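These notes concern the structure reproduced below.
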Amino acid sequence: MDTQATVSQVIRLVEAGSELVRITAANIREAENLANIKDTLRQKGIKVPLIADIHFKPEAAEIAAQIVEKVRINPGNYVSSHHKNKKYTEQEYQDELLLTAEKLFPLLEICKKHETALRIGINHGSLSDRILFRYGNTPEGMVAAAMEFTDICYNSGFDKLVISLKASYVPTMITANKLLIKQFQEAGYHYPIHLGVTEAGNGMAARIKSAAGIGSLLAEGIGDTIRVSLTEPPEKEIPFAKKLVSLYGRSHQVFTEKEISFFSNGNIKNETIPLVISDKKNKNSDGTASDFKLEKTSNQFHDDKQVIKLSYNDIPHEELMIRASADFTLKATDNTIAGIWLNNGTSSTPEQLSELSLQILQATGLRYSKTEFVACPSCGRTLFDIESVLEKVKARLGEKKGLKIAVMGCVVNGPGEMAGADYGLIGAGNGKVTLYKGHKPVLKNQSLEDAVDTLVSLVENNGFSSRETENIS
Ligand code: SF4
Numbered sequence: 481m482d483t484q485a486t487v488s489q490v491i492r493l494v495e496a497g498s499e500l501v502r503i504t505a506a507n508i509r510e511a512e513n514l515a516n517i518k519d520t521l522r523q524k525g526i527k528v529p530l531i532a533d534i535h536f537k538p539e540a541a542e543i544a545a546q547i548v549e550k551v552r553i554n555p556g557n558y559v560s561s562h563h564k565n566k567k568y569t570e571q572e573y574q575d576e577l578l579l580t581a582e583k584l585f586p587l588l589e590i591c592k593k594h595e596t597a598l599r600i601g602i603n604h605g606s607l608s609d610r611i612l613f614r615y616g617n618t619p620e621g622m623v624a625a626a627m628e629f630t631d632i633c634y635n636s637g638f639d640k641l642v643i644s645l646k647a648s649y650v651p652t653m654i655t656a657n658k659l660l661i662k663q664f665q666e667a668g669y670h671y672p673i674h675l676g677v678t679e680a681g682n683g684m685a686a687r688i689k690s691a692a693g694i695g696s697l698l699a700e701g702i703g704d705t706i707r708v709s710l711t712e713p714p715e716k717e718i719p720f721a722k723k724l725v726s727l728y729g730r731s732h733q734v735f736t737e738k739e740i741s742f743f744s745n746g747n748i749k750n751e752t753i754p755l756v757i758s759d760k761k762n763k764n765s766d767g768t769a770s771d772f773k774l775e776k777t778s779n780q781f782h783d784d785k786q787v788i789k790l791s792y793n794d795i796p797h798e799e800l801m802i803r804a805s806a807d808f809t810l811k812a813t814d815n816t817i818a819g820i821w822l823n824n825g826t827s828s829t830p831e832q833l834s835e836l837s838l839q840i841l842q843a844t845g846l847r848y849s850k851t852e853f854v855a856c857p858s859c860g861r862t863l864f865d866i867e868s869v870l871e872k873v874k875a876r877l878g879e880k881k882g883l884k885i886a887v888m889g890c891v892v893n894g895p896g897e898m899a900g901a902d903y904g905l906i907g908a909g910n911g912k913v914t915l916y917k918g919h920k921p922v923l924k925n926q927s928l929e930d931a932v933d934t935l936v937s938l939v940e941n942n943g944f945s946s947r948e949t950e951n952i953s
């Protein structure tokens, strides 16, 4: 509702290089106010396409679709009714799907009339009760939800459609997107795909998760738009997103089947093969030739496990962070991978390489060496300073190997998207937060001043079951 502040934020994003800006519209008033935001921006000559983020209110989506260029809806929330733990008969399942379609039709008509695009944005952790009953909280469930809504749009003759499947756990996000591609191919669909690792948190860990999830999919030619989601000022997301696209965007697609299958061979020792074949990609950012090599070596400690060795030719450490995360994730698709071995000449210190290696293993769920954080990027529903609270929680609880903590902006979506965290600190409105143990709210409406201390005591008194690795659900 704060038009001027929103306009200023959009301008900062555009100046940083953002090509699309999404704004939360949680209710009808906020959806209507998108017109003021858009008018003010256009008067200032800012033409960036705007996207309305709608969660629960179909009416808000229908208003927004008459104003902005794209509307994002979450099928998990865009349902006719909520039936937690209900056991659906086939008839009930189909009836509810029909009701969902009926609820969507008016929006599709408005979108057609105004040439508004629609994003079906599915998040792991906020699937509908109906989907959860049949598929559980799984990549298969995410894809089923996407396919149902895509079918409805297709059958209604609506094709300005974008799909996204996001998760905070990188392997889940990758698995879901690859499965979607497979089902799209079977159905003959060719809709654009938006990529993102959601609730990635902040700092280096969040960037590595994004590079691992988004970069590895882009490298395989999957993805049309991206969002790097950080619990930081929004404009901080853009430089990293731009770099990721410049390294792995569609025009740079470089990997071939032949090269990938070479490495599935097992114990190839100290043999190297350039993975990069296109002229474009075969250059470092400064235009010099790259000698990036990938080796898969035997792990001397576990004969059946493999270490992936990635060697780069003295690239800047920040670029190494992106490329090693994406390249490793692209290759580490089977569970025989036990480690990573990075080489970057003299451009990265041993300490930097060690830290990066551990962070990549953690981002891909292969090995946990410190606390794992799930934190949302915040939006119009966040009513406290989530960035500083996340920093405080990290400072107090950041080094506990195997612990997983969620810091989320609101109780509307926060609890569902905690991604299996042991504890959660979640915005409860009016500057208060609620503390969760697992999915259970244990201390409600805590004042912000004491919340971090209380969370630390909660963890110290109740402990956590240390996770070494995490498997794809
Ligand atoms: S969890 Fe965070 S990003 Fe998601 S709706 Fe709530 S405040 Fe917004």
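Adding 480 to a residue's 1-based position in the sequence shown gives its number in this note's numbering. The C-beta atom is built at its ideal place from N, Cα and C for all residues, glycine as well. Since we're looking at a predicted model, the values are computed, not measured.
- Taking C-beta separations shorter than 8 Å and ignoring five residues to either side along the sequence, the partners of His670 in its chain run Phe664, following chain order.
- Taking C-beta atoms as the reference points, Val887 and Arg861 fail to come closer than 7 Å.
- Sequence-distant Cβ neighbours of Ser696 in its own chain, meaning closer than 7 Å and more than five residues away, are Ile654, Ala806, Thr809, Leu810.
- A straight line joining the alpha-carbon of His797 with that of Gly668 spans about 42 Å.
- As summarised for the segment 535–561, the continuous alpha helix (DSSP H) elements at least 4 residues long and confined to that stretch are 538–544, given in chain order.
- Around the beta carbon of Phe720, a 10 Å sphere encloses 16 or more other beta carbons of the protein chains shown; the residue is thus reported as buried.
- According to the DSSP assignment, Phe853 belongs to no alpha helix (DSSP H) but to the beta strand (DSSP E) extending over 852–855.
- Counting only residues of its own chain and dropping the five nearest sequence neighbours on each side, Ala511 has a CB closer than 7 Å to the CB of Ala505, Ala532, Ala540, Ile543, Ala544.
- Under the rule that a run must span 4 or more residues, the alpha helix (DSSP H) segments found entirely inside the segment 645–688 read 650–667.
- Taking 6 Å as the cut-off, the C-beta of Met888 counts as close to a heavy atom of the ligand SF4.
- The residue from Phe638, Tyr634, Ile643, Ile632 with its alpha-carbon nearest to that of Val623 is Ile643.
- In this structure, the C-beta of Asn893 approaches the ligand SF4 to less than 6 Å from one of its heavy atoms.
- Using a Cβ distance threshold of 7 Å, Gly676 and Lys646 count as a contacting pair.
- Here Ser945 carries a coil assignment [DSSP, helix/strand/coil].
- Contact between Ile547 and Ile600 does not hold, since their C-beta atoms are separated by about 19 Å, which reaches or exceeds 8 Å.
- The segment 854–870 makes contact with the segment 895–910, as at least three CB pairs between them are under 8 Å.
- Residue pairing of Thr914 in beta bridges, as defined by DSSP: Ile906.
- Cβ neighbours of Lys881 within its own chain (closer than 8 Å, five residues either side excluded): Tyr848, Ser849, Lys850, Thr851, Ser946.
- In the three-state reduction of the DSSP assignment, Met801 falls in the helix class, which pools H, G and I.
- Proximity of the segment 786–793 to the segment 817–829 meets the contact definition, three or more beta-carbon pairs being nearer than 8 Å.
- Burial is judged here by how many other beta carbons sit within 10 angstroms of a residue's own beta carbon; Asn682 has at least 16 and is buried.
- In this structure, Thr678 has its CB at a distance of at least 6 Å from all heavy atoms of the ligand SF4.
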